[in-house]
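Just so we're aligned: 309 in my numbering is position 67 of the sequence shown, and the numbers increase by one with no gaps anywhere.
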Amino acid sequence: MTTKMDAGGTGANDEEGTPVWLKDFPHTSAGEEAITRRAFTSYVIAGSGVFAASTLGAAVWTSLRELDPGTPTPIVDIGQVPEGKAFLFRYPGPDDPAILIHLTGGELVAYSQRCTHLGCVVIYEPGETELVCPCHEGIFDLATGDPIAGPPERPLPTIALEVRVNTIWALGIQR
Ligand code: FES
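Okay, structure coming up:
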């Protein structure tokens, strides 16, 4: 093999003009084709932007959505919901989850089950004094529906109730 010095005088080249040092210390590797740190950072930033935009869009949609106030509808016989228990139903429409709770002490309350943060379903554990949204740990007061912890800032929509004979009726969404 013949070698000759390159024009810059930094080393010898082989017959094809490839620097000899490049054969001794090839700077290519199997991992070179993989994603670079800069590209990875760009992907992460772009992904974060898309996530933030979709989250903001969902929040705006949740807050601007017109609530159907509903019409008077029988829900359940009061004997089926003893104190400290909850009853799940749909109101005002078939796709609207709602929860009725018979509070200790006798008061009845009902709310939309959709969290006012991003719309996840809030849940009730018997004996607790709160409704909890598992998505981002939002917490609402059981007696009022007001947000008391986590990201939600607005109360749960309240469903007005009335007991007619022995049946609990939903009269409409109040807020
Ligand atoms: S959806 Fe985020 S706290 Fe409920």
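Don't be surprised by glycine CBs; every beta carbon is placed ideally from N, CA and C.
In the pairwise beta carbon analysis, the segment 380-388 is classified as not touching the segment 330-338: fewer than three pairs are separated by under 8 Å. The Cβ atoms of Gln355 and Pro339 sit closer than 7 Å to each other. Burial state of Ile287 is exposed, judged by a 10 Å Cβ sphere holding fewer than 16 other Cβ atoms. Pro311 and Gln416 have their C-alpha atoms roughly 7 Å apart. Distances from the alpha-carbon of Thr346 to those of Gly361, Lys327, Thr297 put Lys327 closest.
Taking a 10 Å sphere around the C-beta of Thr358, we find 16 or more other C-beta atoms and assign the residue as buried.
In this structure, the straight-line span from the alpha carbon of Pro368 to that of Glu349 is close to 15 Å. Annotated as distal: Gly380 and Pro397, with beta-carbon spacing of 7 Å or more. DSSP, reduced to helix, strand and coil, places Thr283 within a helical segment of the structure shown. By the 16-neighbour rule on beta-carbons within 10 angstroms, Pro399 is buried. Here the alpha carbon of Asn408 sits roughly 18 Å from the alpha carbon of Leu330.
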